[in-house]
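Undergrad:
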Amino acid sequence: MSVSDRTLCQILLDTQTIAVVGHSDKPTRVSYQIAQFLRQAGYRVIPVNPQIREIEGATCYASLREIPERVDLVNVFRRSEFLAEIIEEAIAINAATVWAQLGIQDEAAAQTARKAGVNAIMNACIKIEYQRLGVQKR
């Protein structure tokens, strides 16, 4: 990660709405568990998965472009080869940050995001960083 702890902390404090791309509806999946943690931490979480219509009463969107409200941060649970496309969508919807979970990275896509003024965090778990930094969202 090329983002300082101070910047990470500020991103986590400033963020209100998080779109979780690749959000599963299965409680045993990491994407589901991280999304639940983010909800409990006080974020509005919007699921994005074209295979699912609804997760826990929330509409699940097929793509970022379908979300009818502002998204501050896009949290990605898709394989690295999908990052470039997801970042293009994140830029199109004016998201401030794209956060790719552990094991997910594409430096060329991250550079595209940064050139567009979008924070790009790669290969990092948002929950681990939230806890490590001692962020208190509420």
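Just so we're aligned: the sequence shown equals residues 1 to 138 in the UniProt record's numbering. Where is the CB? At the ideal position from N, CA and C, for every residue including glycine. All of these numbers come straight from a predicted model, not from anything done at the bench.
(1) Give me the residue from H23, N49, P50 and Q51 with the minimum Cα distance to L38.
(2) Does the Cβ of T112 have 16 or more other Cβ atoms within 10 Å, making it buried, or fewer, making it exposed?
(3) Over what stretch of residues does the beta strand (DSSP E) that includes L73 continue unbroken?
(4) Among the residues of its own chain, which have a CB less than 8 Å from the CB of A124, if the five just before and after it don't count?
(5) Between the alpha carbons of D25 and V118, how many angstroms are there, rounded?
(6) Would you say L13 and K137 are within 8 Å of each other, going by their C-beta atoms?
(7) With DSSP run on the structure shown, which of helix, strand or coil describes T15?
(8) Candidates I86, R29 and R132: which alpha carbon is nearest A110's?
TA: Answer, in terms of the structure:
(1) H23
(2) buried
(3) L73 to V76
(4) M1, W99, A100, Q101 and L102
(5) 28 Å
(6) yes
(7) coil
(8) I86
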